[in-house]
Amino acid sequence: MLRKKADRQASTLSGGEQKQLEIARGLLLEPQLVLIDEPSIGLSPLMVQQTFDMLKQLRDRGVSVLLIEQNARSALEISDYGIVLELGRTRIVDKADRVLADPRIGQLFLGGAMEETAA
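Just so we're aligned, residue 2 is where the sequence shown starts under my numbering, counting upward by one.
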């Protein structure tokens, strides 16, 4: 993604490219775990897709990725497991495909608070 711009200074890159550069710099030490907070904020749809593709490649190479992301669908599509929080409380913990299919997701993301007895 950034190879074509390797001769440019970081300050001349777009916001999305700078975010990708931040991730790439963090990977130089070949970590076993990467923690990424809201990688899609402020990015164009194309840059969001490229960033999530990069995170999926990391996962496929055996790097554990802990991802905090409001774009739940994109995050869960590249995840093994998902945890859904509401107002700081854990509401759903399950395999990513089950979280995506959970009917409570619509309730959480369409404005309805979950009952105290849920999950």
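Idealized CB from N, CA, C, for every residue including glycine.
{"Query": "In chain order, what are the residue ranges of uninterrupted beta strand (DSSP E) at least 3 long that sit wholly in the stretch 43-113?", "Result": "65-69, 82-87, 90-96"}
{"Query": "Name the one or two DSSP bridge partners that Leu34 has.", "Result": "Ser65"}
{"Query": "Assign Ser41 to one of three DSSP states: helix, strand, or coil.", "Result": "coil"}
{"Query": "Tell me which residue opens and which closes the alpha helix (DSSP H) that Arg26 is part of.", "Result": "16-28"}
{"Query": "Between the C-alpha atoms of Asp103 and Leu47, what's the straight-line distance to the nearest angstrom?", "Result": "28 Å"}
{"Query": "Below 8 Å on the Cβ atoms is my contact criterion, and I expect Val35 with Leu3 to pass it. Report the Cβ-Cβ distance as a whole number of Å.", "Result": "Contact doesn't hold; Cβ gap of about 17 Å is too wide."}
{"Query": "Assuming the contact rule is C-beta atoms closer than 8 Å, Leu22 and Ala7 should be a hit. Round their C-beta distance to whole Å, please.", "Result": "Not quite, the Cβ-Cβ distance comes to about 10 Å (not below 8 Å), so this is no contact."}
{"Query": "When you compare the CB positions of Ile37 and Leu56, do they come within less than 8 Å of one another, or not?", "Result": "yes"}
{"Query": "Please name the residue, chosen from Gly17, Leu109, Leu29, that lies closest to Gln71 on a Cα-to-Cα basis.", "Result": "Leu109"}
{"Query": "State the DSSP-derived secondary structure class of Ala1, mapped to helix, strand or coil.", "Result": "The first residue shown for the chain is 2 and the last is 120, placing residue 1 beyond what the model contains."}
{"Query": "If you count every other CB in all the chains shown that lies within 10 Å of the CB of Val85, and 16 or more means buried, which is it?", "Result": "buried"}
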